[in-house]
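For reference, the structure is listed below as structure tokens.
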Amino acid sequence: MIDTHQRIAYIKLDSFDVGNFQTDYGSRIVASVGSRSSLIRNSKEFSSSERSPQKVWEFKYNNPNTSSFILSLSKKRIFGGDIMIGEADIKVSNYELNKVVKHDVRLKNHKNKYLTSKATIFVHICEDGANPFSAETGRLIESSRV
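Residue numbers 8 to 153, in my numbering, belong to the letters of the sequence shown in order.
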């Protein structure tokens, strides 16, 4: 039997803090959400002074127990590629189904473990066809926390 049920995770970047990562006034930040292979095409750019950017992504998945998405923040560079601020690999099963959950995420930088950055996201794991972020407030599921 074919499952035609659409499973979508809506992820909203509410705020971020680059911590001790050095950014200049007017620096551009690139945020991405998705699978590792889709991060570049799913990137959204905004000013580093914009602490509450309200960017939203859709992430389609098949099984919440085996699916995860990456949240990545980088400093935009014109030449030489962007500089990684931090990222987190987050399991879809961390969140209640058909609820909107607030999550303060600590981002890791694998090249410099002393960098401290974090982001606040809202995640709506939608399997009932509701509009993004229109569901009741839910909670983070502790047993599946990364």
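Backbone N, C-alpha and C define an ideal beta-carbon position, used for all residues, glycine too.
All values reported here derive from a predicted model rather than from experimental measurement.
Around the C-beta of residue 131, are 16 or more other C-beta atoms found within 10 angstroms, so that it is buried, or is it exposed?
Buried, because 16 or more other Cβ atoms sit within 10 Å of the Cβ of residue 131.
Less than 9 Å between the beta carbons of residue 19 and residue 64, yes or no?
A contact, by the Cβ cut-off of 9 Å.
Through-space distance from residue 70 to residue 102, alpha-carbon basis
13 Å
How far does the beta strand (DSSP E) with residue 15 in it extend, from its first residue to its last?
15–24
Once you ignore the five residues that flank residue 145 on each side, which residues in its own chain have a CB closer than 7 Å to its CB?
102, 103, 106, 107 and 108
Helix, strand or coil for residue 149? Go by DSSP, reduced to three states.
helix
I'd like to confirm the pairing. Which residues does DSSP put opposite residue 90 in its beta bridges?
Beta-bridge partners of residue 90 (DSSP): 82.
For residue 50, write down the residues that DSSP places opposite it in a beta bridge.
39
Nearest candidate by alpha-carbon position, reference residue 25, set 112, 47 and 61:
112
Can the beta-carbon of residue 77 be found less than 9 Å from the beta-carbon of residue 122?
no
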